[in-house]
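Sequence order for the protein chains is A and B.
In case it helps, the numbering used here puts the first sequence at residues 1114 to 1378.
In case it helps, the numbering used here puts the second sequence at residues 1114 to 1378.
Even glycine gets a Cβ: it sits at the ideal position worked out from N, Cα and C.
A quick note: this is a predicted structure, and the numbers were derived from the prediction, not measured.
There are 2 protein chains.
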Amino acid sequence: MGELVLVKLGGSLITDKARLETPRMDVIQRLASEVHSACEEQEGLSLVLGHGGGSFPHRPADKYGTGKGLKGAHACKGIALVQDAASRLNRIVVGALIEEDVNAISVQPSSCMVTENGAISSAFLEPIELALKVGVMPVPYGDVSLDRKIGCSIVSTERILDFIARKLKASRVVIAGIEEGVWEDYPARKKMAGQITPENYEEMIGHLHGSESVDVTGGMRHKVERAMSLARDTGIRTQIINGSKPGRLKDAILGKKVSGTLIRK
Amino acid sequence: MGELVLVKLGGSLITDKARLETPRMDVIQRLASEVHSACEEQEGLSLVLGHGGGSFPHRPADKYGTGKGLKGAHACKGIALVQDAASRLNRIVVGALIEEDVNAISVQPSSCMVTENGAISSAFLEPIELALKVGVMPVPYGDVSLDRKIGCSIVSTERILDFIARKLKASRVVIAGIEEGVWEDYPARKKMAGQITPENYEEMIGHLHGSESVDVTGGMRHKVERAMSLARDTGIRTQIINGSKPGRLKDAILGKKVSGTLIRK
Chain A
1114 MGELVLVKLG GSLITDKARL ETPRMDVIQR LASEVHSACE EQEGLSLVLG HGGGSFPHRP
1174 ADKYGTGKGL KGAHACKGIA LVQDAASRLN RIVVGALIEE DVNAISVQPS SCMVTENGAI
1234 SSAFLEPIEL ALKVGVMPVP YGDVSLDRKI GCSIVSTERI LDFIARKLKA SRVVIAGIEE
1294 GVWEDYPARK KMAGQITPEN YEEMIGHLHG SESVDVTGGM RHKVERAMSL ARDTGIRTQI
1354 INGSKPGRLK DAILGKKVSG TLIRK
Chain B
1114 MGELVLVKLG GSLITDKARL ETPRMDVIQR LASEVHSACE EQEGLSLVLG HGGGSFPHRP
1174 ADKYGTGKGL KGAHACKGIA LVQDAASRLN RIVVGALIEE DVNAISVQPS SCMVTENGAI
1234 SSAFLEPIEL ALKVGVMPVP YGDVSLDRKI GCSIVSTERI LDFIARKLKA SRVVIAGIEE
1294 GVWEDYPARK KMAGQITPEN YEEMIGHLHG SESVDVTGGM RHKVERAMSL ARDTGIRTQI
1354 INGSKPGRLK DAILGKKVSG TLIRK
């Protein structure tokens, strides 16, 4: 296996913010096509392509408080609805990849991971390893989890990719969202952080709030926190880029220099 | 946890044989409603509800020889297409269960099991155990698998339920298909085996051929072989019933006496 790159397509990038459960099919198809052509261009490249859920699972997760554990009479209904919504979006993404001739398969996190107080405590990654070995692209996604302590929780795509990056020793991580990178002055969007390192991390994190839209997993702050923890522990770098700009995802996957924020040790 | 019953809804029962990838929505909805009312009637009942794929995954599995391992230039495409088709039908089944107020979640076998020369060699069942513990119904299904030796394979719902039955110590298994039970004189359908035991097994298996329709996992013979192996090894009984007859699935789940074939030690 060559270089292993983990990619996340942000939920807000691939779903319509304004309309519930509306995938942005044109964007999904273009991104799938960029993934395809990156893989064509760099032989031996292995990708795990995760994606967020956007408005699909976040609404039921929010309504039933699924991320906070099994509380209330309808908590089990929440588990079912969140998983269903997340998985429906996943089918759309995987379907688009297949249409672009990418041999992609779903990896359903609620089937292969469990959490303990919200943190991934155990996972079965052998299917991902075997898929990469034969040249099939695993596509995990933000999902509900069964939790050893609190019954249920939510696992964000960032947590999943973080877990996979550590276990499978990824080379790097690319997060494609709808922002140019990490803004120091959000929401003014005039000053972007080119790099976040342990030296400027505390200052940068101070600028960050949660995501604007309904996002039960914490938005940009969560992304930067996880990426810095990964960089500190393993040296693996994360690049946050704007997937709305055609061609940028492809270039980032190929390791070319693109506009965005690099989070490194 | 009370009694654990494993149920399989046959692929031919829930999909249209004549038309590719056409779910029989009326049948799926009725079966979902029977599952719901069985669970309402018997408190403490735990169900794992598996289902076959019918015409959804069998066609690409057949076309690409997915069950025979990674062979040929397009084998990886086969893996992707089989998984996609199986998972799309699963979303329909889980969606119907949710609509009937069953708190059901998918369990994606290709994410949580791997095979070795086609036999399940390792599986992560903790999500299923935790789901049952909180009262959520796991719904696995016949799927593609990544295989340690031959690259890929197909895992039938029977193999999956057999594996789960042994590991989680199920009380019994119910297989609902489109036949009354196991015919001794198929296709004449005049003489049905009431019971199959180690005493008459060899004679009975002699009567059985593979399934009529495209079924890469071997049809009725495969079901009876797996059920007898399970009965011999563990004492767990399997009942094969006709799910096309309204009410029969519910009665069988509840352990009532219904027409069909019982496979026991």
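Take the Cβ of residue i as the centre, count every other Cβ of all protein chains shown within 10 Å, and call the residue buried at 16 or more, exposed below.
| i | result |
| --- | --- |
| A/Glu1297 | buried |
| A/Asn1203 | buried |
| A/Glu1147 | buried |
| A/Arg1339 | buried |
| B/Ser1168 | buried |
| A/Ala1301 | exposed |
| A/Ser1357 | buried |
| A/Asp1275 | buried |
With DSSP as the reference, label residue i as helix, strand or coil.
| i | result |
| --- | --- |
| A/Leu1158 | coil |
| B/His1164 | strand |
| A/Val1371 | coil |
| A/Asn1216 | coil |
| A/Gln1221 | coil |
| B/Val1327 | In this predicted model, B/Val1327 has a pLDDT of only 42, less than 50, meaning its place in the structure is not dependable; the value taken from the coordinates is given anyway. In the structure shown, B/Val1327 sits in coil (DSSP, three-state: anything other than H, G, I, E or B). |
| B/Lys1150 | It should be pointed out that residue 1150 of chain B corresponds to Ser in this sequence rather than to Lys. Residue state, collapsed to three classes: helix. |
| B/Asp1129 | coil |
| A/Asp1298 | coil |
| A/Thr1228 | strand |
| A/Ala1306 | strand |
| A/Gly1208 | helix |
| B/Pro1311 | coil |
| B/Ile1376 | strand |
| B/Gly1191 | helix |
| B/Ile1141 | helix |
| B/Ile1263 | coil |
Please report the distance separating the alpha-carbon of residue i from that of residue j.
| i | j | result |
| --- | --- | --- |
| A/Asp1256 | B/Leu1343 | 34 angstroms |
| B/Thr1270 | B/Gly1231 | 13 angstroms |
| A/Asp1328 | A/Tyr1299 | Residue placement at A/Asp1328 cannot be trusted, given a pLDDT of 49 that sits under 50; what the coordinates show is reported in the next sentence. Each residue's alpha carbon lies about 17 angstroms from the other. |
| B/Leu1162 | B/Ala1217 | 9 angstroms |
| B/Leu1259 | B/Phe1237 | 14 angstroms |
| B/Gly1373 | B/Cys1152 | 21 angstroms |
| B/Ala1174 | B/Gly1332 | 15 angstroms |
| B/Met1250 | B/Leu1160 | 6 angstroms |
| A/Gln1196 | A/Ser1150 | 31 angstroms |
| A/Arg1377 | A/Ile1288 | 14 angstroms |
| B/Gly1191 | A/Lys1184 | 42 angstroms |
| B/His1187 | B/Ala1193 | 10 angstroms |
| B/Leu1367 | B/Gln1155 | 7 angstroms |
| A/Glu1325 | A/Ile1291 | A caution first: A/Glu1325 carries a pLDDT of 49, below 50, which makes its placement in the model unreliable, though a value can still be read off. Approximately 12 angstroms between the Cα atoms of the pair. |
| B/Gly1115 | A/Gly1264 | 18 angstroms |
| B/Leu1245 | B/Val1120 | 14 angstroms |
| A/Leu1321 | B/Val1268 | 46 angstroms |
| A/Leu1210 | A/Ala1145 | 5 angstroms |
| B/Ala1131 | B/Ser1125 | 10 angstroms |
| A/Arg1201 | A/Asp1129 | 15 angstroms |
| A/Val1215 | B/Ser1223 | 18 angstroms |
| B/Arg1279 | A/Ile1353 | 46 angstroms |
| B/Lys1282 | A/Gly1157 | 44 angstroms |
| B/Arg1334 | B/Lys1303 | 18 angstroms |
| B/Thr1179 | A/Asn1313 | 51 angstroms |
| B/Ala1365 | B/Val1286 | 9 angstroms |
| B/Val1371 | B/Gly1208 | 28 angstroms |
Assuming residue i and residue j are in contact, meaning their beta carbons sit under 8 angstroms apart, how far apart are those beta carbons, in whole angstroms?
| i | j | result |
| --- | --- | --- |
| A/Glu1293 | A/Met1305 | 6 angstroms |
| A/Val1140 | A/Ile1127 | 6 angstroms |
| B/Val1252 | B/Val1220 | 6 angstroms |
| B/Pro1170 | B/Ala1198 | 4 angstroms |
| A/Pro1359 | A/Arg1137 | Actually they do not touch by this definition, with Cβ atoms about 14 angstroms apart. |
| B/Ser1266 | B/Gly1182 | 7 angstroms |
| B/Glu1229 | B/Arg1261 | 5 angstroms |
Since residue i is in the beta strand (DSSP E), which residue starts that stretch and which ends it?
| i | result |
| --- | --- |
| B/Lys1121 | Leu1117 to Leu1122 |
| B/Ala1289 | Arg1285 to Gly1290 |
| A/Thr1351 | Arg1350 to Asn1355 |
| B/Leu1183 | No beta strand (DSSP E) holds B/Leu1183; DSSP gives it neither H nor E. |
| A/Pro1409 | Absent from the model: residue 1409 of chain A. The displayed extent of chain A is 1114 to 1378, so no value can be given. |
Check for me: the alpha helix (DSSP H) holding residue i runs from which residue to which?
| i | result |
| --- | --- |
| A/Ser1235 | From DSSP, A/Ser1235 is part of no alpha helix (DSSP H) but of the beta strand (DSSP E) over Ala1232 to Ala1236. |
| B/Ile1273 | Thr1270 to Leu1281 |
| B/Thr1347 | Gly1332 to Thr1347 |
| B/Val1247 | Glu1239 to Val1247 |
| B/Ile1318 | Tyr1314 to His1320 |
| A/Leu1362 | Arg1361 to Ile1366 |
When you measure from the CB of residue i to every non-hydrogen atom of the ligand SAH, does any distance come out below 7 angstroms?
| i | result |
| --- | --- |
| A/Met1250 | Of the ligands one can find in the structure shown there are none, so the ligand SAH has no counterpart to examine. |
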